[in-house]
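Comments concern the structure below.
2 protein chains.
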Amino acid sequence: MTDSVPSERRVTIKDVAARAGVSTAAVSIALHDRPGVSASTKERILAVARELGWRPNLAAASLSGGGLHTVGLVIARPARLLGLEPFYMEFISGIESVLVRRSCSLLLRLVDGDEEIEVHREWWQGGRVNGSILVDLHVDDPRIPALAELGLPAVVVGHPSLAGPFTSVWTEDAEAITEAVRYLAALGHRRVARVSGPPELGHSVIRTAAFTEVARDLGLEARTVVADFSADQGSRACRTLLLSPDRPTAIVFDNDVMAVAALGVAAEFGLSVPGDLSLLAWDDSQLCQLTRPTLSAMRHDVFSFGAQAAEALFGVMTNRPPVERLVHAPSLVPRASTAPPRV
Amino acid sequence: MTDSVPSERRVTIKDVAARAGVSTAAVSIALHDRPGVSASTKERILAVARELGWRPNLAAASLSGGGLHTVGLVIARPARLLGLEPFYMEFISGIESVLVRRSCSLLLRLVDGDEEIEVHREWWQGGRVNGSILVDLHVDDPRIPALAELGLPAVVVGHPSLAGPFTSVWTEDAEAITEAVRYLAALGHRRVARVSGPPELGHSVIRTAAFTEVARDLGLEARTVVADFSADQGSRACRTLLLSPDRPTAIVFDNDVMAVAALGVAAEFGLSVPGDLSLLAWDDSQLCQLTRPTLSAMRHDVFSFGAQAAEALFGVMTNRPPVERLVHAPSLVPRASTAPPRV
DNA sequence: GTTTACTGGTGAAACGTTTGAGCTGTTGCG
DNA sequence: CGCAACAGCTCAAACGTTTCACCAGTAAAC
Chain G
1 MTDSVPSERR VTIKDVAARA GVSTAAVSIA LHDRPGVSAS TKERILAVAR ELGWRPNLAA
61 ASLSGGGLHT VGLVIARPAR LLGLEPFYME FISGIESVLV RRSCSLLLRL VDGDEEIEVH
121 REWWQGGRVN GSILVDLHVD DPRIPALAEL GLPAVVVGHP SLAGPFTSVW TEDAEAITEA
181 VRYLAALGHR RVARVSGPPE LGHSVIRTAA FTEVARDLGL EARTVVADFS ADQGSRACRT
241 LLLSPDRPTA IVFDNDVMAV AALGVAAEFG LSVPGDLSLL AWDDSQLCQL TRPTLSAMRH
301 DVFSFGAQAA EALFGVMTNR PPVERLVHAP SLVPRASTAP PRV
Chain D
1001 MTDSVPSERR VTIKDVAARA GVSTAAVSIA LHDRPGVSAS TKERILAVAR ELGWRPNLAA
1061 ASLSGGGLHT VGLVIARPAR LLGLEPFYME FISGIESVLV RRSCSLLLRL VDGDEEIEVH
1121 REWWQGGRVN GSILVDLHVD DPRIPALAEL GLPAVVVGHP SLAGPFTSVW TEDAEAITEA
1181 VRYLAALGHR RVARVSGPPE LGHSVIRTAA FTEVARDLGL EARTVVADFS ADQGSRACRT
1241 LLLSPDRPTA IVFDNDVMAV AALGVAAEFG LSVPGDLSLL AWDDSQLCQL TRPTLSAMRH
1301 DVFSFGAQAA EALFGVMTNR PPVERLVHAP SLVPRASTAP PRV
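If you read the protein sequences in the order shown, they are chains G and D. Going by the working numbering, the first residue of the first sequence is number 1, and it counts up by one from there. Going by the working numbering, the first residue of the second sequence is number 1001, and it counts up by one from there.
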């Protein structure tokens, strides 16, 4: 194959201006649909721009402070864990669905440790993002004060009580887990357990508190075992529970991957699901419908969750007053993995 | 909460220069570790930069043509499908593992239709990316000539025969599927089938050809049914196969999601896996180990695949001579879903 | 017929960095 | 001693936009 010619010089706003017989300022104005040029010249400029195949150089634009082009997302989880977890990809899809309409792109970074703040600082001070979305909110999250001081426009995914001065988007976890436990109680379960995500995460704490409270109210025996969302630790946690003297007859999981893993553990133990053991997943993805038995789950529209976060971020970036956005409460989708306990 | 002060003015190279008593040029030189300043001044400059908390403004840098900061990735699949498919997130993780070491970020875009070329054009001409990774290569892919003409540094994930002038990174699919079919034949299967991905994809074509060829060589009865990687279509394809007069005793899938779905279909039909039907997945992710029975799979290290692609891209961006990189052939991981057919 | 207001535009500075040409002072060589 | 070579540094232009102050013309108001 012949080396393709790397094409002529990049066409700039200057070229458009020259060809249209106006100044670059006029071109800029026309392209942004701002008042200052007549309708006819605007048309002419736009036509020329189209004809020449002009594309904005956003590096230049962001240097001189114009436009919103990029939002940042940093995910701080071990890379290997991310593959299986459908959550993030769906969340990202949701974000993108909003960005695309605004011709905005997503800058993504996966980090292992706590270098997240530094990444945000580089991005923001480096003029590479116009705003960021913060996920996996911790209790007393150090990112909050750090990013607030930077003046970075951001939206936090997590409960407002943890979000400091930032706009936050969250789901009503407490309510959802209450619904879940009530449901299990209604089926007749008296000993329920929960396998949670990492206790540093804000929503883990919230769910744990609500879980404990509703169980007490209903007079159930309840315990929570900590895991980290991975299949491995989910299995381990499940084994721990099943080996305990008074093993629970129902288990709620903080995501779907762990619930799927638990299905395998139940098989190991020769327990039938849902006969001997009921399982309830969280973050209902297609995963839950692929297993046999299918998994009952707390459904949560992650896609539109991401979209909401992005919308909120645009609100912040365009200086609309901050709001707290409750997306919705996950709702119970009963499938084949939950049933009354055998007596 | 009080509005946090948006912090003082951004600290620029000029501030550093002033404080260190040198010119901005000297600072730039020192920061890039280029020859032109003495060791002592360099030290001084770096110290001042650190002290002042200077961060490079990459918008400015890329305007004046310096440095490699961003690589682009466009994924063109329906957003909803992306959630479940572990492939991309793992692939992205692999890319990131390389980028991070070079302080480079990933610009991501999900598109629905064929607007991908336009996105690349905007990114490249807009000075937002220094190079891109192309995935899901089609036969006669229109992106190849378009991007070649742009002069965009890129790496193609797919077979070199489809990559035009670009460096390509690929896995030896033909070899792998040959291994898979040989394995099934060795187990005693005489009627094998395959559920493929979309036929537009380059690797679908390659796999189909190889599958047909090896089956003929081995004297097997073979057929391929087309699907699109989704659980839904995977199930449908599987049903089609199981309803056919001479139903196959073994099925190979082009990804893992469809194989998992097939497990459910087998259950519907009252067929035991692997007794009545052997299933073999592709792109072995943790998903394959979560099911009961666990799924035999063609393992493929997607993470390092992504890493390789990123490495290759850096090669291209730094003008190292183009090479074709074979990552490796997927290898068979036998688990519980494959066995000799019941007679 | 002068002032006022507005429309439609221009010119130039600014954003923060890189880079190549040029300048200075010291050292080495003949 | 005179000149070349070089290290170490400075100057200023350039990258492509945006924006703000300003100006010319025209129309409306008085």
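Heads up, the beta-carbon is just placed ideally off N, CA and C, and yes, glycines get one too.
Residues of chain D with CB closer than 9 Å to the CB of residue 264 of chain G, please, in chain order. By Cβ distance, chain D contributes 1289, 1290, 1291, 1292, 1294.
Quick one: using the 10 Å Cβ neighbour count with 16 as the cut-off for buried, is residue 339 of chain G buried or exposed? Burial of residue 339 of chain G is indicated by the presence of at least 16 other C-beta atoms within 10 angstroms of its C-beta.
Between which two residues does the beta strand (DSSP E) carrying residue 196 of chain G extend? Annotation: the continuous beta strand (DSSP E) that includes residue 196 of chain G extends over 191-196.
Local conformation of residue 4 of chain G per DSSP, three classes: The pLDDT assigned to residue 4 of chain G is 38, lower than 50, so where the model puts this residue is not dependable; a value taken from the coordinates is nonetheless given after this. Secondary structure at residue 4 of chain G: coil, using DSSP grouped into helix, strand and coil.
Cβ pair residue 208 of chain G, residue 222 of chain G closer than 8 Å: Taking a C-beta distance under 8 Å as the contact criterion, residue 208 of chain G and residue 222 of chain G do not qualify as a contact pair.
For a contact defined as C-beta to C-beta under 8 Å, what are the partners of residue 1057 of chain D on chain G? What residue 1057 of chain D touches in chain G: 63, 125, 126, 127.
Reference residue 1032 of chain D, options D:1013, D:1332, D:1018, closest by Cα: Ranked by Cα distance from residue 1032 of chain D, the first of D:1013, D:1332, D:1018 is D:1013.
Strictly below 9 Å CB to CB, what residues from chain D border residue 237 of chain G? Close partners of residue 237 of chain G in chain D (Cβ separation under 9 Å) are lacking, with about 15 Å as the shortest Cβ gap.
Backbone secondary structure at residue 1323 of chain D - three-state DSSP: In the three-state reduction of the DSSP assignment, residue 1323 of chain D falls in the coil class.
Exposed or buried, which one is residue 1137 of chain D when buried takes at least 16 other CB atoms within 10 Å? Buried, by the Cβ-count rule.
Can you pull the chain G residues whose beta carbon is under 7 Å from the beta carbon of residue 1010 of chain D, in chain order? Contact note: residue 1010 of chain D reaches chain G through 125, using a C-beta cutoff of 7 Å and chain order.
Report the neighbours of residue 110 of chain G on chain D: residues whose CB is nearer than 7 Å to its CB, in chain order. Within chain D, the residues near residue 110 of chain G are 1093, 1096.
With DSSP as the reference, please indicate the residues paired to residue 1167 of chain D in a beta bridge. Answer is D:1155.
Alpha carbon to alpha carbon, how far is residue 1335 of chain D from residue 1281 of chain D? The alpha-carbon of residue 1335 of chain D is positioned some 10 Å away from that of residue 1281 of chain D.
Mapping DSSP to helix, strand and coil, what is residue 235 of chain G? Helix at residue 235 of chain G.
Since residue 1280 of chain D is in the beta strand (DSSP E), which residue starts that stretch and which ends it? Start and end: 1278-1282.
I'd like the span of the beta strand (DSSP E) that includes residue 304 of chain G, first residue to last. Counting along the chain, no beta strand (DSSP E) covers residue 304 of chain G; the unbroken alpha helix (DSSP H) around it starts and ends at 302-317.
Along the segment 1267-1289 of chain D, where does the CB come closer than 9 Å to a CB of chain G? Name the residues. The residues in question are 1267, 1285, 1286, 1287, 1289.
Could you name the residues of chain G that residue 1323 of chain D contacts, counting a contact when the two beta carbons are closer than 7 Å? Within chain G, no residue comes near residue 1323 of chain D; the closest Cβ sits about 15 Å away, beyond 7 Å.
Under a Cβ-count criterion, where at least 16 other Cβ atoms within 10 Å of its own Cβ denotes burial, should residue 142 of chain G be classed as buried or exposed? Exposed.
Taking C-beta to C-beta, are residue 59 of chain G and residue 1127 of chain D nearer than 8 Å? In contact: residue 59 of chain G and residue 1127 of chain D (Cβ atoms closer than 8 Å).
Uninterrupted beta strand (DSSP E) stretches inside the segment 96-129 of chain G (no shorter than 3 residues): Fully enclosed beta strand (DSSP E) runs of no fewer than 3 residues occupy 105-110 of the segment 96-129 of chain G, in order along the chain.
Suppose you measure from the CA of residue 5 of chain G to the CA of residue 1151 of chain D; what does that come to, to the nearest Å? Any reading at residue 5 of chain G must be qualified, since the residue scores a pLDDT of 43, below 50, and its modelled position is unreliable; the value itself is stated next. Whole-angstrom Cα-Cα distance: 7 Å.
Alpha carbons only, please: which of D:1296, D:1315, D:1328 is nearest the one belonging to residue 1305 of chain D? By alpha-carbon distance to residue 1305 of chain D, the top candidate from D:1296, D:1315, D:1328 is D:1328.
From this set, D:1322, D:1283, D:1018, D:1318, which residue's C-alpha is nearest residue 1086 of chain D's C-alpha? Closest by alpha carbon: D:1283.
With C-beta atoms as the reference, is residue 337 of chain G less than 8 Å away from residue 295 of chain G? For the pair residue 337 of chain G and residue 295 of chain G, the CB atoms are nearer than the 8 Å cut-off.
Between the Cα of residue 1171 of chain D and the Cα atoms of D:1149, D:1301, D:1109, which residue gives the shortest distance? When only C-alpha atoms are compared, the closest one is D:1301.
Does any residue of chain G have a CB that is nearer than 8 Å to the CB of residue 1089 of chain D? Between residue 1089 of chain D and chain G, the shortest Cβ-Cβ separation is below 8 Å.
Beta-carbon within less than 6 Å of residue 1107 of chain D's beta-carbon, same chain only, minus the 5 sequence neighbours each way: which residues are those? Apart from sequence neighbours up to five positions away, the residues of its chain that approach residue 1107 of chain D with a beta-carbon distance below 6 Å are 1070, 1072, 1129, ordered along the chain.
At the 8 Å Cβ level, is residue 1260 of chain D part of the contact set with chain G, yes or no? At least one chain G Cβ lies under 8 Å of residue 1260 of chain D.
If you check the beta carbons only, do residue 1036 of chain D and residue 1303 of chain D fall under 8 Å apart? Going by C-beta atoms, residue 1036 of chain D is not nearer than 8 Å to residue 1303 of chain D.
At 9 Å on the CB atoms, spell out the chain D contacts of residue 213 of chain G, in chain order. Close partners of residue 213 of chain G in chain D (Cβ separation under 9 Å) are lacking, with about 27 Å as the shortest Cβ gap.
Whole angstroms is fine: what's the gap from residue 3 of chain G's alpha carbon to residue 1163 of chain D's? Because the pLDDT of residue 3 of chain G is 37, which lies under 50, any placement of that residue in the model is unreliable, and the number read from its coordinates should be weighed accordingly. Distance between the alpha carbons of residue 3 of chain G and residue 1163 of chain D: 13 Å.
Is it true that the segment 1213-1232 of chain D meets the segment 1191-1203 of chain D, where meeting means three or more beta-carbon pairs spaced less than 8 Å apart? With a cut-off of 8 Å on Cβ pairs, the segment 1213-1232 of chain D is in contact with the segment 1191-1203 of chain D, counting three or more such pairs.
So, at 6 Å on beta carbons, what are the nonlocal neighbours of residue 1076 of chain D in its own chain, with the 5 sequence-adjacent residues on each side left out? Closer than 6 Å at Cβ, skipping near neighbours: 1111, 1116.
Report buried or exposed for residue 169 of chain G, applying the criterion of at least 16 other Cβ atoms within 10 angstroms of its Cβ. When all chains shown are included, residue 169 of chain G counts as buried.
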